[in-house]
Every structure is written in structure tokens, then in C-alpha cells.
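Numbering (numbering that gives the first Met the number 0), first residue to last: 0 to 261. Remarks on the structure that follows.
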Amino acid sequence: MKIKELKKHLYEVFPLSLQESYDNCGMTIGNEEKEITNVLVTLDVTEEVIDEAIESDCNVIVAHHPIVFRGLKSFRGDNYVERCVIKAIRHDIAIFAMHTNVDNSENGTSFELAKVLELQDLSPLDTEGDKAVGCIGTYNGTQDFTTHLKEKLKLKVVKCAGTPGKKSEKSLRIGIVTGSGSEFYGTAKSRECDVFVSADFKYHQYFDAIDGPMIMDIGHYESEIFAKDVFFREISLIFSKNELTLHKVYRSGVVTNPVRFL
Ligand SMILES: [Zn+2]
């Protein structure tokens, strides 16, 4: 299969029309006419991820976050973005970004996280035209939700504000927007969520939880790491539907999270 055919199939699942105007989804680097060897899926592109692609004979990297977001004015290798671009071109590796077109899809990261958290009755938190922003679901588990979330996501700590209110902890309405979703807190409140799970809140935004849904700021990386599973599943399906047994899909094993808790 040629790279451009993989792109076409992926756009059928995650149409480019769903991407936000500020975004830079699509084939950033590479010749689409080339045949695919294998594919590496990742949340972020770093030099280590490109090394991993080289080692595992992948000439396509499908990433959630675009490696090039703003225009580059030089290609000297002064920063990691320039070095990644140079390395990918040098090794003939295509880099394909699927970002807000995945975020704004019911097959995307927010719904994936809701499934990992075993929420039920899933629907979009909000819709804008064809875009499905975030996800809303019900938690009916026996454990309290915070413990449940930490177990499922293997988190030691979660940055929280507020409480789920007076409702029973056993049936909670959970709003989710993966990545930087703090701007959708008001939507979660108007949709009567008990808890809003997202990332990248600013200090003063946490005060809103005094009068609204509990905020669980689980971290940007932690909320979107499931993009790898989404890509892995969709690309494996494309290959199996087309009876392509020689192409393999690998999940990157590199922890690309730049944030550390010391
Ligand atoms: Zn993100």
C-alpha cells in the first residue's frame, strides 16, 4: 500500500474537515507515492521516536500532535523540531499528523478515554456542525471514581478541585475533553456533569469548581496517550481489510511526556 492510500483511508475515519482552523494536520513530511514498509503510531514525535521508527523499519509515523505547528524559518537543528524534521527527511520517513480531526470525532481520544474508564451511555459533550467535542458518560462503578480513574490510568496522583457534589459517588455524570480542554468546563457545567476530566487548567480556573463540577486535571499526556490505541486499531483494520499482512503497526514505546514529577 502506498502512503497516500493509508492517508485516504484514515481521512475516511477522521475527516480533515473536522480539524480546527489553527491546526496543522496532514502529511507534514514525506513522499506519499512511496510504498509503506511498516507504521509507527505515537502521541508526539521526538528524535527518540524517529530512532525507534528507523530501528523497526517503519517509514511512516502517525502522530497525534503535529511536529510542525508554526512556520519554520530555518533548518539548522537548533531545536528539537528542526532536528526531527532533518532526521525524518534524511531517513526518508513520512510524518503524518492527525490531531483535532481525531479530537473532534466520536472515534477519537475523548471517547477512547471514556471507554477505558468504563463509562456508559456515551455521547458527545458538545457538537459544532459535524464536530463531536469531548464525551459525556455515566460512571456506575462500586469504587469511588477518583480511585477508579487512578487505577485505570495508572496514576499516582491527580490534580483536582472541588467535589462531585451531593450526588451519590456511585452514579456520576462524567464529562471528558482530552488534551487542553479547560475551555469546555462551562459546557460540562451546563450539561450538569458531576466531574470534568481534562488537562491544562490555569490556577484561577480551579476556583470554578467551587460552584460547578469537580475538576480532574489528569495531565495532557496522560489524557491523550490512548491516541496510540486509536491509531493502532484503525490502521490495523485498514491493513486487514485490504489483506495486507506484510505491513506491521507498532505502538511507540517512548515516553514522550516532557513533564516529570520528582
Ligand atoms: Zn494534545
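In this text, a Cβ means the ideal position worked out from N, Cα and C, and glycines have one as well. These figures come from a predicted structure and were not determined experimentally.
1) Measuring straight from C-alpha to C-alpha, what distance separates Ser73 and Glu81?
2) Reducing DSSP to helix, strand and coil, say where Tyr21 ends up.
3) Extract the residue ranges of the alpha helix (DSSP H) inside the segment 211–247, only unbroken runs of 4 or more that lie entirely within it.
4) Measure the CB-CB distance between Ala113 and Gly136 and report whether it falls below 8 Å.
5) Can you give me the C-alpha to C-alpha distance between Thr99 and Glu127, rounded to a whole angstrom?
6) Please state whether DSSP places Val156 in a helix, a strand or coil.
7) Could you tell me how far apart the beta carbons of Thr41 and Ile66 are, in whole angstroms, since I believe they sit closer than 8 Å?
8) I'd like to know whether the C-beta atoms of Val38 and His246 end up nearer to each other than 8 Å.
9) Quick check on Asp120: does DSSP put it in helix, strand or coil?
10) Thr162 bridges to which residues according to DSSP?
11) From this set, Ser251, Glu233, Asp210 and Ser239, which residue's C-alpha is nearest Ile224's C-alpha?
12) In the DSSP output, what is Gly136 paired with across the bridge?
13) How is Val258 classed by DSSP in three states: helix, strand or coil?
14) I believe Gly140 touches Glu117 by the beta-carbon criterion, under 8 Å. Please report the beta-carbon distance rounded to the nearest angstrom.
15) Output the distance between the C-alpha atoms of Ala131 and Val44, rounded to the nearest integer angstrom.
16) Leaving out five residues before and five after Asn279 in sequence, what residues of the same chain have Cβ atoms less than 8 Å from its Cβ?
17) Give me the Cα-Cα distance between Val156 and Met213, rounded to the nearest whole angstrom.
18) Are there any heavy atoms of ligand 1 lying less than 7 Å away from the beta-carbon of Glu223, as far as the coordinates show?
19) Could you compute how far the alpha carbon of Glu47 sits from the alpha carbon of His64?
20) Anyone know if the C-beta pair for Leu124 and Val176 falls short of 8 Å?
21) Per DSSP, what are the beta-bridge partners of Asp125 in this structure?
22) Restricting to Cα atoms, I'd like to know which of His203, Ser16 and Glu31 is closest to Ile88.
23) Ends of the beta strand (DSSP E) at Ile60?
24) In the DSSP assignment, what residue or residues form a beta bridge with Met26?
25) So does Gly178 have its beta carbon nearer than 7 Å to some heavy atom of ligand 1?
26) On a Cα-Cα basis, can you pick out the residue from Phe195, Leu152, Phe206 and Phe183 that is closest to Asp216?
On the basis of the data shown:
1) Stepping through the sequence shown from its first residue, residue 73 is reached at position 74. Stepping through the sequence shown from its first residue, residue 81 is reached at position 82. When rounded, the distance between both Cα atoms is 8 Å.
2) Here residue 21 is taken as the residue at index 22 of the sequence shown, counted from 1. Tyr21: coil per DSSP, three-state reduction.
3) 219–223 and 226–240
4) Locating residue 113 in the sequence shown gives position 114, where the first residue counts as 1. Locating residue 136 in the sequence shown gives position 137, where the first residue counts as 1. Yes, the pair counts as a contact, with Cβ atoms nearer than the cut-off.
5) To locate residue 99, count along the sequence shown from 1; it is residue 100. To locate residue 127, count along the sequence shown from 1; it is residue 128. Using only the alpha carbons, I get a separation of about 13 Å.
6) Position 157 of the sequence shown holds residue 156. The answer is coil: DSSP assigns Val156 none of H, G, I, E or B.
7) Residue numbering aside, residue 41 sits at position 42 when the sequence shown is read from its first letter. Residue numbering aside, residue 66 sits at position 67 when the sequence shown is read from its first letter. Rounded, the Cβ-Cβ distance is 10 Å, inconsistent with contact.
8) Looking up residue 38 in the sequence shown gives position 39. Looking up residue 246 in the sequence shown gives position 247. In contact: Val38 and His246 (Cβ atoms closer than 8 Å).
9) Counting from 1 along the sequence shown, the entry for residue 120 is found at position 121. Strand, per DSSP.
10) Working through the sequence shown from its first residue, we reach residue 162 at position 163. Thr162 pairs with nothing; no bridge assigned.
11) Counting from one through the sequence shown, the residue named residue 224 turns up at place 225. The shortest Cα separation from Ile224 among Ser251, Glu233, Asp210 and Ser239 belongs to Ser251.
12) One-based indexing of the sequence shown puts residue 136 at position 137. According to DSSP, Gly136 bridges with Ile173.
13) Walking along the sequence shown from the start, residue 258 turns up at place 259. The answer is coil: DSSP assigns Val258 none of H, G, I, E or B.
14) As a first step, residue 140 is located in the sequence shown; it is residue number 141 there, counting from the start. As a first step, residue 117 is located in the sequence shown; it is residue number 118 there, counting from the start. The Cβ separation is near 7 Å, so the contact holds.
15) As a position in the sequence shown, residue 131 is number 132, starting the count at 1. As a position in the sequence shown, residue 44 is number 45, starting the count at 1. Whole-angstrom Cα-Cα distance: 26 Å.
16) With the chain covering only 0 through 261, there is no way to say anything about residue 279.
17) Mapped onto the sequence shown, residue 156 falls at position 157. Mapped onto the sequence shown, residue 213 falls at position 214. Using only the alpha carbons, I get a separation of about 15 Å.
18) As a position in the sequence shown, residue 223 is number 224, starting the count at 1. Yes - ligand 1 has a heavy atom lying nearer than 7 Å to the Cβ of Glu223.
19) Taking the sequence shown and counting its residues from 1, one reaches residue 47 at position 48. Taking the sequence shown and counting its residues from 1, one reaches residue 64 at position 65. Going by the C-alpha atoms only, they are around 15 Å apart.
20) As a working mapping, residue 124 is identified with position 125 in the sequence shown. As a working mapping, residue 176 is identified with position 177 in the sequence shown. In contact: Leu124 and Val176 (Cβ atoms closer than 8 Å).
21) Within the sequence shown, the letter at position 126 stands for residue 125. Asp125 pairs with Val132.
22) Your numbering for residue 88 matches position 89 in the sequence shown. It is Glu31.
23) Along the sequence shown, read from residue 1 onward, the residue named residue 60 stands at position 61. Boundaries of the beta strand (DSSP E) harbouring Ile60: Val59 to Ala62, taken from the DSSP string.
24) Locating residue 26 in the sequence shown gives position 27, counting from the first residue. Met26 is bridged to Phe95.
25) Reading the sequence shown from its first residue, position 179 is the one you call residue 178. Yes; taking the cut-off as 7 Å, the Cβ of Gly178 has a heavy atom of ligand 1 nearer than that.
26) Numbered from 1 along the sequence shown, position 217 holds the residue referred to as residue 216. Here the closest residue by C-alpha is Phe195.
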